[in-house]
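Protein chains: 4
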Amino acid sequence: MAGRHFLQIPGPTPIPDRLLRAMHRASEDHRSSAFPTLTRSILSRLPHVVHQTNGEHFVFPSSGTGMWEAALVNTQQPGARLLAVRFGQFSHLFIQTARNLGYHVDVIETPWGESAPVDQIEAALAADTAHEIQGVLLVHNETATGVTNDVGAVRAAMDRAKHPALLYIDGVSSIASLDFQFDAWGVDCSIAGSQKGFMLPAGLGILGMSEKALARVATVTTPRSYFDLRPMRDQNARGYFPYTPALSLLFGLDDALTMLLDEGMDAVAARHRRMAVGVRAAVKAWGLHECAKRPEIASNTLTAVVMPEGQDASRVIDIAFKRYDVSLGAGLGELAGKVFRIGHLGDTNALTLAGALSGVEMALVDAGVPITLGAGVGAALQTWRVAP
Amino acid sequence: MAGRHFLQIPGPTPIPDRLLRAMHRASEDHRSSAFPTLTRSILSRLPHVVHQTNGEHFVFPSSGTGMWEAALVNTQQPGARLLAVRFGQFSHLFIQTARNLGYHVDVIETPWGESAPVDQIEAALAADTAHEIQGVLLVHNETATGVTNDVGAVRAAMDRAKHPALLYIDGVSSIASLDFQFDAWGVDCSIAGSQKGFMLPAGLGILGMSEKALARVATVTTPRSYFDLRPMRDQNARGYFPYTPALSLLFGLDDALTMLLDEGMDAVAARHRRMAVGVRAAVKAWGLHECAKRPEIASNTLTAVVMPEGQDASRVIDIAFKRYDVSLGAGLGELAGKVFRIGHLGDTNALTLAGALSGVEMALVDAGVPITLGAGVGAALQTWRVAP
Amino acid sequence: MAGRHFLQIPGPTPIPDRLLRAMHRASEDHRSSAFPTLTRSILSRLPHVVHQTNGEHFVFPSSGTGMWEAALVNTQQPGARLLAVRFGQFSHLFIQTARNLGYHVDVIETPWGESAPVDQIEAALAADTAHEIQGVLLVHNETATGVTNDVGAVRAAMDRAKHPALLYIDGVSSIASLDFQFDAWGVDCSIAGSQKGFMLPAGLGILGMSEKALARVATVTTPRSYFDLRPMRDQNARGYFPYTPALSLLFGLDDALTMLLDEGMDAVAARHRRMAVGVRAAVKAWGLHECAKRPEIASNTLTAVVMPEGQDASRVIDIAFKRYDVSLGAGLGELAGKVFRIGHLGDTNALTLAGALSGVEMALVDAGVPITLGAGVGAALQTWRVAP
Amino acid sequence: MAGRHFLQIPGPTPIPDRLLRAMHRASEDHRSSAFPTLTRSILSRLPHVVHQTNGEHFVFPSSGTGMWEAALVNTQQPGARLLAVRFGQFSHLFIQTARNLGYHVDVIETPWGESAPVDQIEAALAADTAHEIQGVLLVHNETATGVTNDVGAVRAAMDRAKHPALLYIDGVSSIASLDFQFDAWGVDCSIAGSQKGFMLPAGLGILGMSEKALARVATVTTPRSYFDLRPMRDQNARGYFPYTPALSLLFGLDDALTMLLDEGMDAVAARHRRMAVGVRAAVKAWGLHECAKRPEIASNTLTAVVMPEGQDASRVIDIAFKRYDVSLGAGLGELAGKVFRIGHLGDTNALTLAGALSGVEMALVDAGVPITLGAGVGAALQTWRVAP
């Protein structure tokens, strides 16, 4: 097919041409005297993306999900007890990862489409007077449902409970897109990947650690090698990595940081909000519902759209991909077939989303969902028009 | 601004990523024993794009307009008399070029927005019983007005008038997008550039010559050097060029030919027709008019949209560019300020055009043109929905 | 500095322009119906690189060293006993990784510069009549010393000892460059990375597993998540990955496989042998010694050159990098300061190596090593001249 | 063949990766309000490359040789009389171009390998008391023979003869590599292309014009269109071009100017001198002669090497290309088969040239020329060693 494909899944996101160029570079010697300049440029600027002054950032050749493991094995003893909320497929997988690694996880089950119940978290922690719970695992932005949690409120609950557990925040689909306050929210481990807000291909895991979390690294005896932060910290301090780094992705990350910080993280968040408002207006104009059960928890990086009863979302996704050159995200886990997901994060703009919404409209009509072509796009354009 | 710019002018057109990659190559020795493979791959396949078996094709480091000069100085004696139709800015410039080179041009003036009047051409040729007129200059697709001529009808008129003049067809905005029948239409010189249907950056002039035209090259004494076809033909025959060729663009052209011929020129033309139908439906839904005065002459590669009386098209173009990240073509010559032009040729698709139309809609509303947001896009989507 | 840098370390190796282009691509939906084509193209062809018909191959977003961990945690119970030979920095790190993961490793200490002592391996296995040793860890090509082991001989020793231990071969600096016979050598786990013979940036771990090794995956209870082969195998079988794959590197790997298999693995090995012969001739002409103690164990992918007594290799490396635009590998571990290493693997050729040797010559002279400029290069050219 | 090809012809020259990246960009609207920034960045900085404050610079989609025509048709009336020196193939072609365009050229014939005879130029001008000669055509650096002229001396001769002719300098293989003093030498038209010192693909002609030359543009009546400077100047003044510019090459040129001016033109010239000294040392060590008959006229951008009597240079070039992956320039015109040419201009360095010289050495030996392998390279390294 001629023309560009519209990659409108919640990640990987479209890679700006500028970053593709930044990665199109000859290899270099990762042990040369010139190399630390790159390492330091990246590691010194990553904290700015999440407003972190407390602690350090690390980059691994890994998927974002690898950082779940990196965060846990470096800070928790074998068999430690953790608390988590399950409210979507990615919170589910975070829990599974912890269990696969031998941790004991207390799970607060929450309906998918809802946000994490702060009161239940607080209650669980308050009840744990012996402080057996060593960590709280929370997905900031649940990519399966399009729901964003209020991490600050969770931190406040922890503080009210006077509970010393570490706070692990999966920000894979929020960091570098949504407002993320590492310091203010008292985050101990922030988890991200290169392929969403950072606008790069997948392949880099990005891990923020507070001083409190870092203090555990030396004492924890969990067997570990690849994700062991001890040699990583040693080498990073000198500007190097303990094994050959994924250099092309680092070149890209370095320039992605320049793009993000030049724009400013507040502007980045505002831009994502603006894009999301338009997409939500389109969903409403189609007469469909979002998976997010309340407007105030709706994510600004993706929207999960619930199909009318009896309609199969997979068919819409398949038609959209094959006939109209747009990729949409499928429903995952218990939402399989029930929702399709529109990503609106990273390097995109109103016209690209208008094109994508146009593809969704044609696919919906083809699938037999009775909407008026142009209605959703028009509603979105109404929000995207720039006030004169 | 984040996201992709929508380049929706009638050329240069968006360059497919594949062609950008094809041009991203180390230089090579244009005199090496391996080089003729590339030359031959290009020169042997260019004729297929225009259904040419009669004659040869040539490629110059030049803009497309340079081929106006190349065609004339290689086939017409100084001061020769030519016949041309003026019905837009590019037919005007073709005439000016001929005059700048010292030719005498009889001009049939035609309202802009109309196509070339075949009957007047026939009459002029029939009246020229002495056969003083040496050539007929015709722009196939007038990029300023969005009007396509029926070249076959012009050829039929020439045949009816039994006139031996050479037929020069500017196909800059038609070749490799619209159906072009070099043999069937009895074209003597076809003129194209790399930056429209060929989907490349500007920088290559592409010239097709019939045997009849080629026979003139050796005998014509017009002073010429850069565009002289004699050394070009000599060198091409051996697989080389008389001076260093624009190699990166040749790498691109070679792959563009593969893309076009793999798709098939009939499919390419059908695809452009389909895109154009949608854009015209949008214009109609906006309640606006096309510059092309009759549906049957409306171009499938671009649409010039006439602004309502008293409204300035430049303002719409400026708003679209600055606020919504879409480039539109301006009105040229006598149409300046009166029309904006939407390019829909080359590497594009329905969703990209839906995005561009969305940008036009917002810009129109911002400029005070009372349209309903989504109306044009919806009308276009109606035509683009794939019949199940 | 103008001109190209000469990256002559033993990895990462120079990335061919073709592979840089292959990676310069828009992102894609890794869950689309079209995606399995890529997965299968890679996973079905990786075995050909190592002549494997027994078992499967896997690709992780990881460094090559991550595959040490992946191989072990998927096939060995916590605390299992393993046998390894230490004869250089990378065999040392392989042992360290196993110990970090909680395994018990019996180590056969061998002088650096020597190859693994097959007789001692055989003796150790023969003495283990209870078959407590669960695995033999061997680095095929020790990147620190430029020594290649005879894996077939090790396999023969294991067979003679009738020992059932799994055979783990680190082929990071040999696979895709040197002859590697997965089936014939009875390898159970082959370990590679993208940044050496595969000519790509680092970022992909490549793991081959025999059926015998795969049979262990389901039964072993070692806690694991990121490197767990169970979900990887499940997803791979359907053409997908359990988490977002490092797509740009996969695009590169797919084309690297085409390059390698089009050339033929025998031709690839022969080409590396030819390059190595020239470099060794240069070292001899300089009057210097290789770290490899015997010609028959000298590696065809890199040469570690021993500095004259009292001379510091770091100085040569530093001068070469800063004055002459060539990167050389440093001595590692106990060889620090004593050797410099010249990589001659991956996408290189005689003239590139001649340029690199020229840089080495100038750096040696600058550092006070009394060689004749041109002597080493001339000796190398003597071997590289093509027999007429 | 694996590894990089060594492109060691006197142009096109190797394109730095940075410039390939700069050209790998989406198309843009060349009529947008943002476009003039690019035009001005280029046109304001081109004069700095040749130390020009007198006049303006222009860029055409054209080969460098197109600028011969552009310079002449914009400044000389039809049939004007010109004076030129023929001392190699490119001076020959410059003369031919002028004659093809209808000019009358007085030619001072000079042995190939010699420089232009300043005394004969002076004598010819002095004898032209009626000032019939309108222009002096001179190739600064004769790419066929590797000879550089002293343009300042020619200007002094013109001044001594008090002759008002315009001075046309072909700097295709000198500008942006060798010292070029537009103002100080009183140049009226400087002629260059993108594919040599500017390190880009061919496709851009670069023309410098003095005020005196520009004054002729409006008055000269020579028929012209493509190369007509009148619309070019008009459009350039507003930041645009009269026809679609070769945008990808302009992106490249803009960044090439940054590279050159950041390095500084004096440093660029010094770097070329250093590279040339090494190559000449190699030629001497081989016992061969340069085509340039005197050391003081030997070019710093290329060296034409004369084959021993009875030996065919084409064979060396063919062997070098096919066996050793290095492209050398052939002998042109009367030097065909007698010389091969080594380009050492643009983005190259000592190690690259050492590699190329190594290829030449092997090819020479293969062709039966009795040289010692390594002798030339060693002699070059002697000159390239950095004084401590």
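Residue numbers (our numbering), protein chains in the order written: chain Z, -5 to 382; chain L, -5 to 382; chain W, -5 to 382; chain V, -5 to 382. Heads up, the beta-carbon is just placed ideally off N, CA and C, and yes, glycines get one too.
With 8 Å as the threshold, decide whether the Cβ of residue i is near any Cβ in chain V.
| i | result |
| --- | --- |
| Arg309 of chain W | no |
| Asp23 of chain Z | no |
| Phe192 of chain L | no |
| Gly368 of chain L | no |
Please report whether the beta-carbon of residue i lies at a distance below 8 Å from any beta-carbon of chain Z.
| i | result |
| --- | --- |
| Asp341 of chain L | yes |
Do you know offhand how far residue i's Cα is from residue j's?
| i | j | result |
| --- | --- | --- |
| Leu95 of chain V | Tyr162 of chain V | 16 Å |
| Gly60 of chain Z | Ala121 of chain Z | 31 Å |
| Glu284 of chain Z | Val148 of chain Z | 24 Å |
| Pro225 of chain L | Leu131 of chain V | 22 Å |
| His157 of chain W | Asp182 of chain W | 13 Å |
| Arg268 of chain L | Trp378 of chain L | 7 Å |
| Ser184 of chain L | Ala231 of chain W | 54 Å |
| Ala186 of chain L | Gly202 of chain L | 8 Å |
| His338 of chain L | Asp153 of chain L | 34 Å |
Please confirm if residue i has its CB atom under 8 Å from at least one CB of chain W.
| i | result |
| --- | --- |
| Phe0 of chain V | yes |
| Ser167 of chain V | no |
| Trp280 of chain V | no |
| Arg15 of chain L | yes |
| Gln46 of chain V | no |
| Thr346 of chain V | yes |
List the residues of chain V that residue i touches, going by C-beta distances under 9 Å, in chain order.
| i | result |
| --- | --- |
| Asp306 of chain W | The contacting residues do not exist; Asp306 of chain W stays about 16 Å from chain V at best. |
| Met259 of chain W | Here the premise fails: no neighbours, minimum Cβ distance about 13 Å. |
If we define contact as Cβ-Cβ less than 8 Å, is residue i a contact residue for chain B?
| i | result |
| --- | --- |
| Met61 of chain Z | Absent here is chain B; the protein component of the structure consists of chains Z, L, W and V. |
For a contact meaning CB atoms closer than 8 Å, what does residue i contact in chain Z?
| i | result |
| --- | --- |
| Ala20 of chain V | Asp11 |
Looking at the C-beta of residue i, does it have a partner C-beta in chain L at a distance below 8 Å?
| i | result |
| --- | --- |
| Gln70 of chain V | no |
| Val380 of chain Z | yes |
Just the chain Z side, please: which residues come within less than 7 Å of residue i by C-beta, in chain order?
| i | result |
| --- | --- |
| Gln189 of chain W | Thr238 |
| Arg265 of chain L | Ala(-4) |
Against residue i, what residues of chain L qualify as contacts under a CB-to-CB distance less than 7 Å, listed in chain order?
| i | result |
| --- | --- |
| Leu243 of chain V | Gly197 |
Closer than 9 Å by beta-carbon distance: list the chain Z residues that pair up with residue i, in chain order.
| i | result |
| --- | --- |
| Phe315 of chain W | Asp23, Ser26, Ser27, Ala28 |
Could you say if the segment 169 to 185 of chain L and the segment 36 to 49 of chain L meet the contact criterion of at least three C-beta pairs nearer than 8 Å?
yes
Measuring CB atoms only, is the segment 214 to 232 of chain Z touching the segment 57 to 76 of chain Z, in the sense that at least three cross pairs come out at less than 8 Å?
Yes, the segment 214 to 232 of chain Z is in contact with the segment 57 to 76 of chain Z.
Cβ contact check for the segment 359 to 366 of chain V and the segment 342 to 352 of chain W: 3 or more pairs under 8 Å:
no
Assess contact between the segment 309 to 325 of chain Z and the segment 7 to 18 of chain L, defined as three or more Cβ pairs (one per stretch) separated by less than 8 Å. Is contact present?
no
For the structure I just gave you, are there three or more beta carbon pairs, one from the segment 251 to 262 of chain V and one from the segment 49 to 68 of chain V, closer than 8 Å?
no
Contact between the segment 244 to 258 of chain V and the segment 191 to 211 of chain V (3+ Cβ pairs under 8 Å):
yes
Continuous beta strand (DSSP E) assignments of at least 3 residues falling wholly in the segment 55 to 123 of chain V:
75 to 80, 98 to 103
The segment 135 to 154 of chain Z contacting the segment 304 to 315 of chain Z, beta-carbon criterion three pairs below 8 Å
The count of Cβ pairs closer than 8 Å, one atom from the segment 135 to 154 of chain Z and one from the segment 304 to 315 of chain Z, stays below three, leaving the stretches out of contact.
Is it a yes or a no for the segment 120 to 140 of chain W touching the segment 291 to 298 of chain W, going by three-plus beta-carbon pairs under 8 Å?
yes
Whether or not the segment 268 to 280 of chain L and the segment 374 to 381 of chain L are in contact is what I'm after, with contact meaning three or more pairs of Cβ atoms, one per stretch, closer than 8 Å; do they touch?
Taking 8 Å as the limit for Cβ pairs, the verdict is that the segment 268 to 280 of chain L does touch the segment 374 to 381 of chain L.
Whole alpha helix (DSSP H) runs in the segment 153 to 228 of chain W with 4 or more residues, listed along the chain?
205 to 211
Ignoring anything shorter than 3 residues or poking outside the segment 280 to 319 of chain W, list the beta strand (DSSP E) runs there in chain order.
296 to 300
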